[in-house]
Amino acid sequence: MVSHMKTVISIGKEVILFIMLLALGSLCFLNGLIALQKEKNAIPISKLSPEGCRIGQFVVGEITSYVNKDMGNGSYSGESGVLFTGGKEYYFYTIPVDNNYYIRIMIVDKSIVHELEEFSRGKGDAIYFEGQIIKSPTKINYQWYEDIEEFQNVGTDSIIAEYVVKEIHIQEKTKIIYTGIFLLLLSFVQFHLMGGLGAIICTEDIKEKGPDKDIQKLYNIENELMAEKRHLLLLNKKMSELKKGCLYRIFLLAAGVYIFGSNYYWEVKFIGIIAVVISLKGIIKYMLNSGNKCMEWIMRLFNKESIAMQINHSKNSISAMEDNKES
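Counting in the numbering used here, the sequence shown runs from 2 upward without gaps.
So this is what it looks like as structure tokens:
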């Protein structure tokens, strides 16, 4: 009887719950800190310029006017477009900013839209507004700005077309830090209740029974050799399929990342997320079974054996049986 100690990582439901709470808590806490920093460095909307536009930058200030268009019959409107995404409806208005430039804003709060529509030909009492600069989710509709007085002489080059300011509530962005703290505290409680690090990493006394020489003599070496060769063929086929699948998934991963990064619509982003998840699953599976030293270490932690390691064992077994057969 041979005995040795083996380190085993156990990932049960309680450990998974701890990891989820820790990851979500850390993410919320970090996002909250970032939001607090952005709030501190928020740009007044009246000082916004093309050079000052940075994706993610917070913008605050008062709206006192916007570009309006004669709709006929004595009616005027500043609504240049509507976007429905993520279950929300955004209304586009164009407002003046610093140095005779203009930028579009996306408003989701219907009460603000109602107040803006109460303006007289695009001018009215100040309305407080909080927003965040994002890349424009739609192409600007330049036709809408035709025959508008502000652009008849200078054209539409003064409109910052690449970016828009999406309405947000900054306090809601910063309050997520408290959610993060709460989740982190829950994760520490869960860590204590599940038994700490000992619930994840433990050592086991593995006892391996030595080979019974009397039983081994009963086996037919020729049959064992044929069976092992068939096993090796299956392992090689499985590894080849994983490799081919990994190559295909690299292109799928690139496509998924592009779809997610180049679209504002969450309905389309979701397709990109699915593509990324599917591709990563196949790529990681191949990497874990590829025989890489780092990957082998990870597999051993989970008490698993990679396909590459199984192939090596099978080749060694075949070589040993062939030597026994000849001797």
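By construction, the Cβ of each residue, glycine as well, lies at the ideal position given by its N, Cα and C atoms. Keep in mind it's a predicted model, so treat the numbers as computed, not measured.
- According to the DSSP assignment, Met72 belongs to the beta strand (DSSP E) that extends over Lys70 to Gly73.
- With distances taken between CA atoms, Val68 lies nearest to Tyr146 out of Ile178, Asn224, Lys238 and Tyr146.
- Within a 10 Å sphere around the beta-carbon of Met107 sit 16 or more other beta-carbons, which makes this residue buried.
- For Lys174, the enclosing alpha helix (DSSP H) begins and ends at Ile171 to Thr175.
- DSSP places Gln144 in no beta strand (DSSP E); its state is neither H nor E.
- Of all C-beta pairs linking the segment 38-46 to the segment 57-64, three or more are shorter than 8 Å, placing the two stretches in contact.
- Under the three-state reduction of DSSP output, Asp158 falls in the helix class.
- In the three-state reduction of the DSSP assignment, Asp110 falls in the coil class.
- According to the DSSP assignment, Gln153 belongs to the alpha helix (DSSP H) that extends over Glu150 to Gln153.
- Around the beta-carbon of Lys167, 16 or more other beta-carbon atoms lie within 10 Å, marking it buried.
- Phe189 counts as exposed, since fewer than 16 other beta carbons sit within 10 angstroms of its beta carbon.
- For the 8 Å CB-CB criterion, Phe303 and Met195 do not form a contact.
- The beta carbons of Ile275 and Arg250 sit no closer together than 8 Å.
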